[in-house]
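Peer 1:
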Amino acid sequence: MEFLCLVWALDKLHYYLDGSVFEVIPDCNAMKSLLNMKTPNRNMLRWQIAIQEYRANMTIVNKAGNINKNSDGLSRCALANTRDNLAYVPLEAQQEIPIEGINISDIGTEFFEEAR
Numbered sequence: 001m002e003f004l005c006l007v008w009a010l011d012k013l014h015y016y017l018d019g020s021v022f023e024v025i026p027d028c029n030a031m032k033s034l035l036n037m038k039t040p041n042r043n044m045l046r047w048q049i050a051i052q053e054y055r056a057n058m059t060i061v062n063k064a065g066n067i068n069k070n071s072d073g074l075s076r077c078a079l080a081n082t083r084d085n086l087a088y089v090p091l092e093a094q095q096e097i098p099i100e101g102i103n104i105s106d107i108g109t110e111f112f113e114e115a116r
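In the UniProt record's numbering, the protein residues as written are 1 to 116.
Have a look at this one:
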């Protein structure tokens, strides 16, 4: 699954990564072994071919999952906005205010009154 995510990211970030030297930091050793497989299945072969363009400029550095917490957080599904969630935001706070409904002069006076 991480290999497919790498193929997707390389495709989406092609304009930034083409010709640049960069590191890929997964939290498993499987990615290196997939790149060096002798007889991959057709999906893995397709992914290997997609990555060949970047192999000269890309290095894969493995980090354990307990050290590489960014990848774990990015690979998880977002939590629902319920009261059980610590980051819960009530629906009243999420309402959009039309630009015409904002009076800048009122905001400025309230701010300066609190600052005094």
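Glycine included, each C-beta is placed from N, C-alpha and C at the ideal position. From a predicted model like this one, the values you see are computed outputs, not experimental measurements.
Along the chain, where does the beta strand (DSSP E) containing Glu53 start, and where does it finish?
Peer 2: Counting from 1 along the sequence shown, the entry for residue 53 is found at position 53. Here Glu53 belongs to no beta strand (DSSP E), and DSSP marks it neither H nor E.
Peer 1: Expressed to the nearest angstrom, what Euclidean distance is found between the alpha-carbon atoms of Ala56 and Ala80?
Peer 2: In the sequence shown, residue 56 corresponds to position 56, counting from 1. In the sequence shown, residue 80 corresponds to position 80, counting from 1. The straight-line gap from Cα to Cα measures roughly 41 angstroms.
Peer 1: Looking at C-alpha atoms only, which residue of Ile60, His14, Thr82 and Leu4 is the closest neighbour of Arg42?
Peer 2: As a position in the sequence shown, residue 42 is number 42, starting the count at 1. Nearest option by C-alpha distance: Leu4.
Peer 1: If you follow the beta strand (DSSP E) that Val24 is part of, which residue opens it and which one closes it?
Peer 2: Taking the sequence shown and counting its residues from 1, the one referred to as residue 24 is at position 24. Per DSSP, Val24 belongs to the beta strand (DSSP E) from Phe22 to Val24.
Peer 1: Leu10 and Leu17 - do their beta-carbons sit closer together than 8 angstroms?
Peer 2: By 1-based counting over the sequence shown, the position of residue 17 is 17. By 1-based counting over the sequence shown, the position of residue 10 is 10. For Leu17 and Leu10, yes; Cβs fall inside 8 angstroms.
Peer 1: Got a sec? Which residues, its chain only, sit under 7 angstroms from Val21 by beta carbon, not counting five neighbours each side?
Peer 2: In the sequence shown, residue 21 corresponds to position 21, counting from 1. Only Asn57 meet the Cβ criterion.
Peer 1: Just the C-alpha distance for Ser33 and Thr59, rounded to the nearest angstrom, thanks.
Peer 2: Here residue 33 corresponds to residue number 33 of the sequence shown, with the count starting at 1. Here residue 59 corresponds to residue number 59 of the sequence shown, with the count starting at 1. Distance between the alpha carbons of Ser33 and Thr59 is about 13 angstroms.
Peer 1: Per DSSP, which residues does Ile60 bridge with? Please list them.
Peer 2: Counting from one through the sequence shown, the residue named residue 60 turns up at place 60. According to DSSP, which records beta bridges pairwise, Ile60 is partnered with Val24.
Peer 1: For Asn62 and Asn36, which I take to be in contact (beta-carbon distance under 8 angstroms), what is that distance rounded to the nearest angstrom?
Peer 2: Position 62 of the sequence shown, counted from the first residue, corresponds to residue 62. Position 36 of the sequence shown, counted from the first residue, corresponds to residue 36. Contact doesn't hold; Cβ gap of about 14 angstroms is too wide.
Peer 1: Contact check, Ile25 vs Asn66 under 8 angstroms by CB: the rounded distance?
Peer 2: Here residue 25 corresponds to residue number 25 of the sequence shown, with the count starting at 1. Here residue 66 corresponds to residue number 66 of the sequence shown, with the count starting at 1. The pair is not a contact, with the Cβ atoms about 14 angstroms apart (cut-off 8 angstroms).
Peer 1: Comparing C-alpha positions only, which one of Asn85, Leu86, Tyr88 and Trp8 sits nearest to Arg46?
Peer 2: In the sequence shown, the residue the question calls residue 46 occupies position 46. Among Asn85, Leu86, Tyr88 and Trp8, the Cα nearest to that of Arg46 is on Trp8.
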